[in-house]
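Asker: First the structure, which I've put down as structure tokens, then a few questions once you've had a look.
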């Protein structure tokens, strides 16, 4: 399975913070926001990843992350000329996806939990058609919402409904087979927002009984950091959790080592390059602990 991180858009909900800086480059406590969705794809065992961003911002991601060889993966980059919706990622990434399955994650979504890796690996391995991840929220009107019947079968999908039929939001992580590309190109139309909605792609899979929903329980934390409050909540959560657990969330270098993508020596060199920052010292401890 390949992976796509959608880090485009204009970030207007965060103006003036994002007037000149890409939203996904903003810090979530001690690292850029994009580290968090990237870490999710790494945990899922995905090594071939496309980052989609704007003409203005794409080179910042290339400078930050390079070709991925530093952490033993392959990173490539594509430009989304203007915001056309989440599902437009399949059109922008058409050649990258080819005939493969693909995981799409939004650049402002954060997932954390000790069971997360196992959940992701199982979902990737078992995916047929489409798989989305549901999460119970207090205010579902801000999200795509999935509803179920008494037997647990999906009955409806709605995008930001005024009167939601459930409190289960669809998170910003999606797994698809290659049919998603054709659906985005031919089967769905722009919404009233003039965007290709990811909910419409999910409805296409639902119509042919190929939509799977994995409900994330309270052991998993999901955060949307695309608003002022979300950004602040995410930073507080990461800071508190890291201090309590004495580990770094979304540490892509540590994940790469644990996955066998890089050697202990390579991890040590990365730690050295970070200097005496808390992040660098953490990597040094991880590397020395492995000796």
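Numbering (the UniProt record's numbering), first residue to last: 1 to 291. Beta carbons are placed, not taken as given, at the ideal position from N, Cα and C, and that holds for glycine. None of the values given here were measured: they were computed from a predicted structure.
Candidates 80, 135, 43 and 255: which alpha carbon is nearest residue 56's?
Answerer: Residue 80 is the option with its Cα nearest to residue 56.
Asker: Please identify the residue among 240, 284 and 189 whose C-alpha is closest to the C-alpha of residue 269.
Answerer: When only C-alpha atoms are compared, the closest one is 284.
Asker: In angstroms, rounded to a whole number, what distance separates the CA positions of residue 83 and residue 12?
Answerer: Approximately 11 Å between the Cα atoms of the pair.
Asker: Taking the alpha-carbon positions, what's the residue 109 to residue 36 distance?
Answerer: Their Cα atoms are separated by approximately 7 Å.
Asker: Determine the DSSP secondary structure at residue 261, reduced to helix, strand or coil.
Answerer: Of the three classes helix, strand and coil, the one that applies to residue 261 here is coil, per DSSP.
Asker: Evaluate residue 262 with the Cβ neighbour count: other Cβ atoms within 10 Å of its Cβ, from every protein chain shown; 16 or more gives buried, anything less gives exposed.
Answerer: Per the 10 Å Cβ criterion, buried.
Asker: Taking the continuous beta strand (DSSP E) assigned at residue 109, which residues delimit it?
Answerer: That run of the beta strand (DSSP E) goes 109–112.
Asker: In its own chain, which residues sit with a C-beta less than 7 Å from the C-beta of residue 100, not counting the 5 before and 5 after it?
Answerer: Within the same chain, residue 100 has close Cβ partners 1, 2 and 178.
Asker: Take every Cβ of the region 37–45, pair it with every Cβ of the region 110–128, and state whether three or more of those distances are shorter than 8 Å.
Answerer: Output reads yes: the region 110–128 touches the region 37–45.
Asker: Got a sec, what are the start and stop residues for the beta strand (DSSP E) residue 2 sits in?
Answerer: Run containing residue 2: 2–6, per the beta strand (DSSP E) assignment.
Asker: Please confirm whether residue 158 and residue 145 have their CB atoms less than 8 Å apart.
Answerer: Yes, the Cβ-Cβ distance between residue 158 and residue 145 is below 8 Å.
Asker: Look at the alpha carbon of residue 154 and the alpha carbon of residue 165, and state the distance between them as a whole number of angstroms.
Answerer: Cα-Cα distance, rounded: 11 Å.
Asker: Look at the alpha carbon of residue 176 and the alpha carbon of residue 106, and state the distance between them as a whole number of angstroms.
Answerer: Their Cα atoms are separated by approximately 14 Å.
Asker: Run through DSSP, which three-state label would residue 149 get?
Answerer: Residue state, collapsed to three classes: coil.
Asker: If I measure Cβ to Cβ from residue 250 and keep anything under 6 Å in the same chain, skipping five residues before and after, which residues do I get?
Answerer: The answer, listed in chain order, is 35, 36 and 39.
Asker: Less than 8 Å between the CB atoms is what I'm expecting for residue 225 and residue 239, so what's the real figure, rounded?
Answerer: With a Cβ gap of about 13 Å, residue 225 and residue 239 do not count as contacting.
Asker: So within the region 56–84, which uninterrupted beta strand (DSSP E) runs reach at least 3 residues, ignoring any that extend past its ends?
Answerer: Whole beta strand (DSSP E) segments, 3+ residues: 74–79.
Asker: Taking Cβ to Cβ, would you say residue 173 is nearer than 8 Å to residue 237?
Answerer: Not in contact: residue 173 and residue 237 (Cβ atoms no closer than 8 Å).
Asker: If you drop the 5 nearest sequence neighbours on each side, which residues of the same chain put their C-beta closer than 6 Å to that of residue 199?
Answerer: Cβ neighbours of residue 199 beyond the five flanking positions: 144, 157 and 159.
Asker: Quick one: what does DSSP say residue 40 is sitting in, helix, strand or coil?
Answerer: Helix.
Asker: How many angstroms separate the CA atom of residue 275 from the CA atom of residue 281?
Answerer: Near 7 Å, if we compare the C-alpha coordinates of residue 281 and residue 275.
Asker: Thinking residue 78 and residue 50 are a contact (beta carbons under 8 Å), I'd like their distance in whole angstroms, please.
Answerer: Confirmed, Cβ separation roughly 6 Å.
Asker: Nearest CA to the CA of residue 221: which residue from 112, 69 and 259?
Answerer: It is 112.
Asker: From the DSSP output, in three-state form, read off residue 124 for me.
Answerer: The answer is helix: DSSP assigns residue 124 an H, G or I state.
Asker: Would you identify the three-state DSSP class for residue 181, choosing helix, strand or coil?
Answerer: Correct three-state label for residue 181: helix.
Asker: Contact check, residue 214 vs residue 102 under 8 Å by CB: the rounded distance?
Answerer: About 17 Å; that fails the 8 Å criterion.
Asker: Only counting runs of 4 or more residues, tell me where the alpha helix (DSSP H) segments fall wholly within the region 178–248, in order along the chain.
Answerer: Segments of the alpha helix (DSSP H) lying fully in the region 178–248: 179–182, 198–207 and 228–245.
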